[in-house]
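Here the sequence shown is numbered in this note's numbering, starting from 3 and rising by one per residue.
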Amino acid sequence: MKKSVLALALLSVVAASAAFAQGSSESGSSAASGKTIKLRLAENQPANNPISQGMQKFADLVKEKTNGSVEVDVYLDAQLGTENETIDQVQAGTLDLARINTSALASTADEVGVFTLPYIFTGMDQKYKVLDGEIGQGIIKQLEKYNMIGLEYWEAGSRNFYSTKKPIKSVADLKGMKVRVQQSEVAIKMVELLGGAATPMAYGEVYQGLQTGVIDAAENDFVSYYTSGHYEVAKNYTLDGHMAPPAMLLMSKKSWDKLSSDQQKAVREAAKEAATWQRKAMDDFQNESRAAVEKAGSKIYTVDAKEFQNAVGAIYDMYPQYKDVIEKIKAVN
Numbered sequence: 003m004k005k006s007v008l009a010l011a012l013l014s015v016v017a018a019s020a021a022f023a024q025g026s027s028e029s030g031s032s033a034a035s036g037k038t039i040k041l042r043l044a045e046n047q048p049a050n051n052p053i054s055q056g057m058q059k060f061a062d063l064v065k066e067k068t069n070g071s072v073e074v075d076v077y078l079d080a081q082l083g084t085e086n087e088t089i090d091q092v093q094a095g096t097l098d099l100a101r102i103n104t105s106a107l108a109s110t111a112d113e114v115g116v117f118t119l120p121y122i123f124t125g126m127d128q129k130y131k132v133l134d135g136e137i138g139q140g141i142i143k144q145l146e147k148y149n150m151i152g153l154e155y156w157e158a159g160s161r162n163f164y165s166t167k168k169p170i171k172s173v174a175d176l177k178g179m180k181v182r183v184q185q186s187e188v189a190i191k192m193v194e195l196l197g198g199a200a201t202p203m204a205y206g207e208v209y210q211g212l213q214t215g216v217i218d219a220a221e222n223d224f225v226s227y228y229t230s231g232h233y234e235v236a237k238n239y240t241l242d243g244h245m246a247p248p249a250m251l252l253m254s255k256k257s258w259d260k261l262s263s264d265q266q267k268a269v270r271e272a273a274k275e276a277a278t279w280q281r282k283a284m285d286d287f288q289n290e291s292r293a294a295v296e297k298a299g300s301k302i303y304t305v306d307a308k309e310f311q312n313a314v315g316a317i318y319d320m321y322p323q324y325k326d327v328i329e330k331i332k333a334v335n
């Protein structure tokens with residue numbers, strides 16, 4: 003009798019082991035082993051920025067949707083390096099995730115560079131029809147050849163000019179004006195075509211540059227204009243909307259391949275849900291920032307964007323590789 007009971011018990015253990023092994027082969031060894039997969043995400047913005055908040059939202063959703071089998075630790079304030087440095091790390095597989103602006107990513111993945119061209123988007127609705135539609139999703143798929151997985155487009159704001167003394171109400175007002183720009187070929191050429199003197203400068207030096215007259219103007223979105231304090235020394239803000247490059251959340255292909263199919267699905271769902279939330283949060287913060295700078299005395303100017311677009315039209319000819327996709331973007335209403 004005791005031997006029969008013992009035999010049955012052993013059979014139960016064997017059956018359970020077989021079932022566990024089958025589960026391992028179907029869902030990935032790391033998930034089936036019960037070990038939590040820890041992922042690191044690099045973000046260069048501070049905690050109060052809606053982009054950073056969106057990254058934390060993503061992390062929370064990943065944990066929830068994977069039932070705790072995948073956890074994402076978010077490192078803010080460029081703790082893990084600059085955007086270009088973290089792109090390299092993601093490609094090499096030494097970093098799991100990084101949130102990158104397409105302006106920085108374009109030097110690695112040329113395909114996304116089309117989104118950094120001036121006046122490529124006509125408005126926010128059209129922008130996300132492009133990004134969430136066939137054009138944007140097609141470009142996301144191409145990132146895999148760079149050993150990266152693209153996880154949605156994130157809102158990084160619409161860039162506008164702001165100046166210290168003379169307000170920019172037309173293209174003519176930019177003539178001879180020293181305008182701080184990012185170290186970007188597109189940004190430099192854009193300002194030159196508008197008649198200004200493009201002045202690349204580190205972001206941390208802009209406030210003093212505006213204050214001392216080293217530069218006459220700069221350009222950024224309302225959030226950066228407000229949180230940087232630039233509104234204190236450059237009171238004229240012009241709504242020309244010359245650039246609105248989106249950000250992207252990138253995942254190392256090496257890290258992606260360690261996830262089970264169910265975990266991959268959960269991560270994509272988390273990214274989509276968090277990106278939708280972040281876009282709304284960024285829009286709200288843009289409006290709050292605009293209200294704050296206006297209350298502090300900044301003057302907001304609306305201009306004929308078409309005049310600015312026409313002035314920089316030649317920049318598109320510098321990038322013949324984008325000719326077809328530019329036409330497709332223009333066709334999206």
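A virtual CB, placed ideally from N, CA and C, is assigned to each residue, including glycine.
Nearest-angstrom Cα separation, counted from Tyr121 out to Lys311: The sequence shown places Gln at residue 311, not Lys. Whole-angstrom Cα-Cα distance: 6 Å.
Sequence-distant residues of its chain with Cβ nearer than 8 Å to Gln144 (five each side left out): Here the set comprises Ala111 and Glu113.
Assigned secondary structure, Tyr209 (DSSP; H/G/I helix, E/B strand, else coil): Looking at Tyr209 - three-state DSSP - the assignment turns out to be helix.
Buried/exposed call for Thr38, threshold 16 Cβ in 10 Å: Exposed, by the Cβ-count rule.
Proximity of Tyr233 and Ser186 at Cβ, strictly below 7 Å: Their beta carbons are not under 7 Å apart, which means Tyr233 does not touch Ser186 by this criterion.
Alpha-carbon to alpha-carbon, Glu194 and Gly287: A small fix is needed here, since residue 287 is Phe in this sequence, not Gly. Using only the alpha carbons, I get a separation of about 31 Å.
Exposure of Met320, with buried meaning 16 or more beta-carbon neighbours within 10 Å: The residue in question, Met320, is exposed, as its Cβ has fewer than 16 Cβ neighbours within 10 Å.
Cutoff 7 Å; reference Asp242; Cβ partners in own chain excluding five residues on either side: Counting only Cβ-Cβ distances below 7 Å, and skipping sequence neighbours, we find Asn162, Phe163, Val305, Ala307 and Phe310.
Assigned secondary structure, Thr304 (DSSP; H/G/I helix, E/B strand, else coil): In the displayed model, Thr304 falls within a strand according to three-state DSSP.
Among Met126, Ala108, Ala199 and Lys282, the one whose alpha carbon lies nearest that of Asn118: At residue 118 the sequence reads Thr, which differs from the Asn that was named. The candidate whose alpha carbon is nearest that of Thr118 is Ala108.
Contact the segment 256-275 vs the segment 162-181: 3+ CB pairs below 8 Å: With a cut-off of 8 Å, the segment 162-181 and the segment 256-275 do not count as touching, because too few Cβ pairs lie within range.
Whether Leu252 touches Ile102 by CB criterion (7 Å): Yes, these two residues count as a Cβ contact at 7 Å.
Glu221, buried or exposed, once every other Cβ within 10 Å from all chains shown has been counted against 16: Around the C-beta of Glu221, 16 or more other C-beta atoms lie within 10 Å, and the residue is accordingly described as buried.
Proximal residues to Ile302 (C-beta, below 6 Å), its chain only, five neighbours per side dropped: Cβ within range, chain order: Tyr239.
Residue closest to Lys191, alpha-carbon to alpha-carbon, out of Gln210, Glu271, Ala100 and Met245: That would be Met245, whose Cα lies nearest to the Cα of Lys191.
Buried/exposed call for Thr166, threshold 16 Cβ in 10 Å: Thr166 is buried by the Cβ-count criterion.
Local conformation of Tyr121 per DSSP, three classes: If DSSP states are grouped into helix, strand and coil, Tyr121 belongs with coil.
Within 7 Å, strictly: CB atoms of Val74 and Ala94: Taking 7 Å as the cut-off, the Cβ atoms of Val74 and Ala94 do not count as close.
Pairwise C-alpha distance: Lys330 and Trp258: Distance from the CA atom of Trp258 to the CA atom of Lys330, rounded to whole angstroms, is 31 Å.
Beta-carbon proximity list for Ala293, same chain, < 8 Å, skipping 5 on both sides: Around Ala293, the same chain offers no residue with a beta carbon nearer than 8 Å, after the five sequence neighbours per side are excluded.
Opposing strand residues paired with Ala293 [DSSP bridges]: Ala293 has no beta-bridge partner at all, per DSSP.
Same chain, Cβ closer than 6 Å to Asn51, five either side skipped, listed in chain order: Within the same chain, Asn51 has no close Cβ partners at all.
Ala44 and Ala106 closer than 7 Å at C-beta: No, they are not a contact pair.
Distance CB(Pro248)-CB(Tyr155) smaller than 7 Å: If you check the CB distance, Pro248 and Tyr155 come in under 7 Å.
Inter-residue Cα distance where the pair is Glu85 and Asn46: Distance between Glu85 and Asn46, taken at the CA atoms: about 7 Å.
DSSP-derived helix/strand/coil call for Val74: The DSSP-derived three-state label of Val74 is strand.
Below-7 Å beta-carbon distance, Thr214 vs any chain C residue: The chain labelled as chain C is not found in the depicted structure, where only one protein chain is given.
Nearest-angstrom Cα separation, counted from Arg42 out to Thr88: Put simply, the backbone Cα of Thr88 is about 11 Å away from that of Arg42.
Ser254 classed as buried or exposed, judged by whether at least 16 other C-beta atoms fall within 10 angstroms: When all chains shown are included, Ser254 counts as buried.
C-beta atoms of Tyr228 and Ser291 nearer than 7 Å: Taking 7 Å as the Cβ cut-off, Tyr228 and Ser291 qualify as a contacting pair.
Three-state class that DSSP yields for Ala23 in the structure shown: Note that Ala23 scores 40 on pLDDT, short of 50, meaning its location in the model is unreliable and no value can be drawn from it.
Contact under 7 Å by Cβ, Met57 with Gly152: Taking 7 Å as the Cβ cut-off, Met57 and Gly152 do not qualify as a contacting pair.
Residue span of the beta strand (DSSP E) that contains Ile39, given as start and end: Residues Ile39 to Ala44.
Glu136 to Gln128 span [Cα, whole Å]: Straight-line Cα distance between these residues: approximately 13 Å.
Reduced DSSP category for Gly152 - H, G, I as helix; E, B as strand; rest coil: Here Gly152 sits in strand by DSSP.
Neighbourhood of Val15 by C-beta, 6 Å cutoff - its chain only, sequence neighbours within 5 removed: Legend: pLDDT at Val15 = 39, less than 50; position of this residue unreliable, no value from coordinates given.
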